[in-house]
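Peer 1: Residue numbering for the sequence shown follows my numbering, starting at 40 and increasing by one per position.
Cβ atoms here follow ideal geometry from the backbone N, Cα and C, with glycine treated the same way.
No experiment lies behind these values; they were computed from the predicted model shown.
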Amino acid sequence: MNGARILLVEDDPNLGLIIRESLEREGYLVTHQPDGEAGLAALQGASFDLCLVDVMMPRLDGFGFARHLAELAERPPFIFITAKSLSEHKVTGFRLGCDDYVTKPFSLEELLVRMEAVLARRGAGHAAPDPTLAIGRYTFDTVRQVLTLDGTDRALTTREAELLTLLHQYRGRTLDRSLALGRIWGADTYHAGRSMDVFVSRLRKYLTDDPAVEIRTVHGRGFKLIVGGAPRPGGTG
């Protein structure tokens, strides 16, 4: 699974939805903002591994967004997505520091290849990320696949570990069943769905010793990992 955090700055709501859902099916964590100002505001409260930025937008266009991006102490890499194919516009984009340029219309495959190339370049030479996740009072070693509470370890199966990792990546948000099935089981069938329900039930049992940790069912959609004891909405369990 991927898990890279993507900031998508695109004013077309239909295209933005298509790109976001397509990338989420590939395992990316996507935040969509409708213009450059909203995109800059998102950067104040979170860190991202890559920005996908439309050029023609209201309030603050992509070039203006890039100029502000250059002022950040730690600027994430970014790719311009635009209908503009004139060479002078591409030159402007690269002078502003963009890592690549995708011209509309484009295929999802082209976008994914360009994203992967930029992420690989920017990731070269960086220290390996900490494999340990904090889940309330629990710690989860994603490499060893071990869940620990108060010094007591529980070894998870590979699918249990993959599902818990994916739930953690989407913590506080709904993890769609179809996305989880595609990423972990590679299918969206009746039997795979039943199998996923069994694995969710197992993870709930493993996490019962911390009442602030909960895996909620979002009926008709999927599951949500809650850490911190947020109020339980009606109709979920």
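Taking only three categories from DSSP, how would you classify Ala-87?
Peer 2: The residue you call residue 87 lines up with position 48 of the sequence shown. Just to set this straight, residue 87 is Phe in the shown sequence, not Ala. Here Phe-87 sits in coil by DSSP.
Peer 1: How many angstroms separate the CA atom of Val-48 from the CA atom of Ala-85?
Peer 2: Stepping through the sequence shown from its first residue, residue 48 is reached at position 9. Stepping through the sequence shown from its first residue, residue 85 is reached at position 46. Answer to the nearest angstrom: the Cα atoms are 14 Å apart.
Peer 1: With DSSP as the reference, label Phe-179 as helix, strand or coil.
Peer 2: Start at 1 with the first residue of the sequence shown, and residue 179 comes out as number 140. DSSP places Phe-179 in strand when its eight states are reduced to three.
Peer 1: Consult DSSP for Arg-59 and reduce its assignment to one of helix, strand or coil.
Peer 2: Locating residue 59 in the sequence shown gives position 20, counting from the first residue. Three-state DSSP puts Arg-59 in a helix.
Peer 1: Going by other Cβ atoms of all chains shown within 10 Å of its Cβ, with 16 needed for buried, is Ala-167 buried or exposed?
Peer 2: Position 128 of the sequence shown, counting from 1, holds the residue named residue 167. Because Ala-167 carries a pLDDT of 47, less than 50, the predicted location of this residue cannot be relied on, and no value is offered for it.
Peer 1: Helix, strand or coil for Tyr-245? Go by DSSP, reduced to three states.
Peer 2: On the sequence shown, position 206 is the one that residue 245 refers to. Helix.
Peer 1: Could you check the C-alpha separation between Gly-190 and Leu-158 for me, to the nearest Å?
Peer 2: The residue you call residue 190 lines up with position 151 of the sequence shown. The residue you call residue 158 lines up with position 119 of the sequence shown. Straight-line Cα distance between these residues: approximately 36 Å.
Peer 1: Gly-75 and Gly-103 - do their beta-carbons sit closer together than 8 Å?
Peer 2: For the purposes of this step, residue 103 is identified with residue 64 of the sequence shown, where counting begins at 1. For the purposes of this step, residue 75 is identified with residue 36 of the sequence shown, where counting begins at 1. A contact, by the Cβ cut-off of 8 Å.
Peer 1: State buried or exposed for His-258, treating a residue as buried only when at least 16 other CB atoms are found within 10 Å of its CB.
Peer 2: As a working note, residue 258 is residue 219 in the sequence shown. With fewer than 16 Cβ atoms within 10 Å of its Cβ, His-258 is classed as exposed.
Peer 1: With Glu-253 as the anchor, note down where its beta strand (DSSP E) starts and where it stops.
Peer 2: For the purposes of this step, residue 253 is taken as residue 214 along the sequence shown, with counting starting at 1. Segment 252–257, the beta strand (DSSP E) holding Glu-253.
Peer 1: With a cut-off of 8 Å on the beta carbons, I'd call Asp-138 and Ile-118 a contact; round off their distance for me.
Peer 2: Position 99 of the sequence shown holds residue 138. Position 79 of the sequence shown holds residue 118. Right, the Cβ-Cβ distance comes to about 6 Å (below 8 Å), so this counts as a contact.
Peer 1: Alpha carbon to alpha carbon, how far is Thr-142 from Ser-240?
Peer 2: In the sequence shown, the residue the question calls residue 142 occupies position 103. In the sequence shown, the residue the question calls residue 240 occupies position 201. One C-alpha to the other measures close to 45 Å.
Peer 1: For Thr-204, I'd like the list of residues in its chain whose CB is within less than 6 Å of its CB, leaving aside the five on either flank, ordered along the chain.
Peer 2: Here residue 204 corresponds to residue number 165 of the sequence shown, with the count starting at 1. Closer than 6 Å at Cβ, skipping near neighbours: Thr-181.
Peer 1: Quick check on Phe-145: does DSSP put it in helix, strand or coil?
Peer 2: Here residue 145 refers to the residue found at position 106 of the sequence shown. Note: Phe-145 maps to coil in three-state DSSP.
Peer 1: Under the rule that 16 or more other beta-carbon atoms within 10 Å means buried, what is Pro-26, buried or exposed?
Peer 2: Examination of residue 26 is not possible in this model, given that the chain is present from 40 through 276 alone.
Peer 1: Count the other CB atoms, across all protein chains shown, that sit within 10 Å of the CB of Arg-106; report buried if there are 16 or more and exposed otherwise.
Peer 2: Mapped onto the sequence shown, residue 106 falls at position 67. When all chains shown are included, Arg-106 counts as exposed.
Peer 1: What are the boundary residues of the alpha helix (DSSP H) that Thr-204 is part of?
Peer 2: Within the sequence shown, residue 204 is the residue found at index 165, counting from 1. 197–208 is the span of the alpha helix (DSSP H), which, as asked, contains Thr-204.
Peer 1: Flag Arg-212 as yes when its Cβ comes closer than 7 Å to any non-hydrogen atom of the ligand ZN, and as no otherwise.
Peer 2: For the structure depicted, the ligand ZN is absent and the ligand set is empty, with no information on it obtainable.
Peer 1: So, with DSSP's three-state summary, where would you put Arg-233?
Peer 2: On the sequence shown, residue 233 is found 194 positions in, with the first residue counted as 1. It is helical.
Peer 1: By DSSP, does Val-266 sit in helix, in strand, or in coil?
Peer 2: In the sequence shown, the residue the question calls residue 266 occupies position 227. Val-266: strand per DSSP, three-state reduction.
Peer 1: Starting from the Cα of Gly-101, find the closest Cα among Val-266, Ile-58, Arg-161, Arg-134 and give me that residue.
Peer 2: Here residue 101 is taken as the residue at index 62 of the sequence shown, counted from 1. The candidate whose alpha carbon is nearest that of Gly-101 is Arg-134.
Peer 1: To the nearest angstrom, how far is it from the Cα of Ala-122 to the Cα of Ile-58?
Peer 2: If you number the sequence shown from 1, residue 122 lands on position 83. If you number the sequence shown from 1, residue 58 lands on position 19. Between Ala-122 and Ile-58, the C-alpha separation is close to 15 Å.
Peer 1: In this structure, how does DSSP classify Ala-81 when only helix, strand and coil are distinguished?
Peer 2: Taking the first residue of the sequence shown as 1, we reach residue 81 at position 42. Three-state result, Ala-81: helix.
Peer 1: Provide the residue span of the beta strand (DSSP E) that contains Ala-173, from first to last.
Peer 2: Position 134 of the sequence shown holds residue 173. Its beta strand (DSSP E) spans residues 171–174.
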